[in-house]
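Novice: Here it is, the structure, as structure tokens.
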Amino acid sequence: MKKSVILAETAVIALEEIKHFKRSAMLRQGHSYEYCSEQAQMFIETLVGRSISSIADGLVTWGFDVDLANIGIPVKKYFDKETDYLCFFDDSGPQIAVLYYTSPRQDYVNALYRLTTIYQ
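So the sequence shown is numbered by the working numbering: it starts at 23 and just counts up by one.
So, in structure tokens, the structure goes:
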């Protein structure tokens with residue numbers, strides 16, 4: 023059964039950071055600001071669309087992240103191979119709450135802990 027999906031404020035902040043990072047990386051390569059902004063927005067839309075469709079259908083059970091569970095944040099994670107990004111979410115309630123998006127190369131444990139502490 024499909025559940026509805028909501029983006030938490032922490033996920034929206036993370037998406038804005040990712041968009042800024044992608045746009046900045048492309049600007050350093052010499053592309054125009056308009057082109058970089060469009061490409062960064064398309065990346066975010068792809069990331070969100072793929073993650074939501076993958077976690078909402080309920081066909082696959084995604085595992086808990088052990089590192090986050092050890093500090094008291096029992097959330098599940100989804101890794102998108104196409105975008106190379108992680109999506110952390112909580113599906114314990116009637117809705118699925120997407121909490122955070124990040125690159126697996128980032129220190130996501132401290133980043134998510136910081137954001138969930140600030141926005142609780």
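Glycine included, C-beta positions come from ideal geometry on N, C-alpha and C. Remember, predicted model here, so these are calculated numbers, not experimental data.
Kindly list the residues whose CB is nearer than 7 Å to the CB of Ala-30, restricted to its own chain and excluding five residues on each side of it in sequence; keep chain order.
Specialist: The count along the sequence shown starts at 1 and reaches residue 30 at position 8. Sequence-distant partners of Ala-30 (beyond 5 residues in either direction) whose C-beta falls short of 7 Å from its own C-beta, in its chain, are Ala-119, Val-120 and Leu-121.
Novice: Name the one or two DSSP bridge partners that Cys-109 has.
Specialist: Here residue 109 corresponds to residue number 87 of the sequence shown, with the count starting at 1. Tyr-100 and Tyr-123.
Novice: First and last residue of the alpha helix (DSSP H) that includes Ile-93?
Specialist: For the purposes of this step, residue 93 is taken as the residue at position 71 of the sequence shown. Run containing Ile-93: none; DSSP gives neither H nor E here.
Novice: Buried or exposed: where does Ser-73 fall if 16 or more other Cβ atoms within 10 Å of its Cβ makes it buried?
Specialist: Working through the sequence shown from its first residue, we reach residue 73 at position 51. By the 10 Å Cβ count, Ser-73 comes out buried.
Novice: Determine, using beta carbons only, whether Tyr-100 and Trp-84 come nearer to each other than 8 Å.
Specialist: One-based indexing of the sequence shown puts residue 100 at position 78. One-based indexing of the sequence shown puts residue 84 at position 62. Between Tyr-100 and Trp-84, the C-beta gap is smaller than 8 Å, which places the two residues in contact.
Novice: When you compare the CB positions of Phe-110 and Pro-96, do they come within less than 8 Å of one another, or not?
Specialist: Residue 110 sits at position 88 when you count from the first residue of the sequence shown. Residue 96 sits at position 74 when you count from the first residue of the sequence shown. Against a cut-off of 8 Å, the Cβ pair of Pro-96 and Phe-110 comes out as no contact.
Novice: Provide the residue span of the alpha helix (DSSP H) that contains Ala-36, from first to last.
Specialist: Translated into the one-based positions of the sequence shown, residue 36 becomes position 14. Taken as a continuous stretch (DSSP letters only), the alpha helix (DSSP H) holding Ala-36 covers 31-50.
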